Amino acid sequence: MQCEKKKRDGKPCRAQARAGNKHCALHAEPGRAKELGRRGGHRRTVYRPEALKEFEAPKTAADVRDLLAESIIEVRAGKLDPKVANALGYLGTSLLRALETADFERQLDLLERRSIREEDMVFQSNDPASNP
Ligand SMILES: [Zn+2]
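Here the sequence shown is numbered in the working numbering, starting from 560 and rising by one per residue.
In structure tokens form, the structure reads like this:
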């Protein structure tokens, strides 16, 4: 059976009512949602951004490695919210991929320049003006 209460926006609560009750767990006990919200807020304040080590924006794979390694320690010590650490893991992976692509682009550019220079050299040695 569905909970009979309405949510704050006027829509019906879609939670399952407790067995033998007209209301869900949240609506059966007035103040329960507030209490849970307060507890969540308290839990978040345990994380202390000011206690985190300062980092510049990572520019190399080694920077990413150092940031992630430090984050592991900070999550373990309760300084960093695991949700933030999760986001860091995701962003770190994306950044490593971007760094890899940028490195490929740089190498490709170098190869292209070298091949243009070599073509120029072949052209010059075939030019009668430069070969008297
Ligand atoms: Zn409800």
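Just so you know, even glycine gets a beta-carbon here, dropped at the ideal spot from N, CA and C. Because the structure is a prediction, the values reported are computed rather than measured.
Problem set entry | Contact test: Leu-655 Cβ vs ligand 1 heavy atom, cutoff 7 Å | Incorrect: Leu-655 has no Cβ contact closer than 7 Å to ligand 1.
Problem set entry | Three-state secondary structure assigned by DSSP to Pro-641 | Here Pro-641 sits in helix by DSSP.
For this session: Alpha carbon to alpha carbon, how far is Asp-668 from Val-681? Give it in angstroms, no decimals.
Result: Taking the straight line joining both Cα atoms gives about 20 Å.
For this session: Helix, strand or coil for Lys-593, going by three-state DSSP, please let me know.
Result: In this structure, Lys-593 counts as helix in the three-state DSSP scheme.
For this session: Measure the C-alpha to C-alpha separation of Leu-595 and Ile-631 and round it to an integer number of angstroms.
Result: Ile-631 has its alpha-carbon roughly 28 Å from the corresponding atom of Leu-595.
For this session: Could you name the residues of the same chain whose beta carbon sits closer than 7 Å to that of Ala-620, not counting the 5 residues immediately before and after it, in chain order?
Result: If we look at Ala-620 and ignore the five residues flanking it on each side, its Cβ neighbours are Leu-655 and Leu-658.
For this session: Would you give the residue range spanned by the alpha helix (DSSP H) that Leu-585 belongs to?
Result: Leu-585 -> alpha helix (DSSP H) spans 584–587.
Exercise. When you compare each of Ala-587, Phe-614 and Ile-675 to Gln-575 by their alpha carbons, which one comes out closest?
Worked result: Gln-575 has its Cα closest to that of Ala-587, out of Ala-587, Phe-614 and Ile-675.
Problem set entry | DSSP state of Pro-608 mapped onto helix, strand, coil | Helix.
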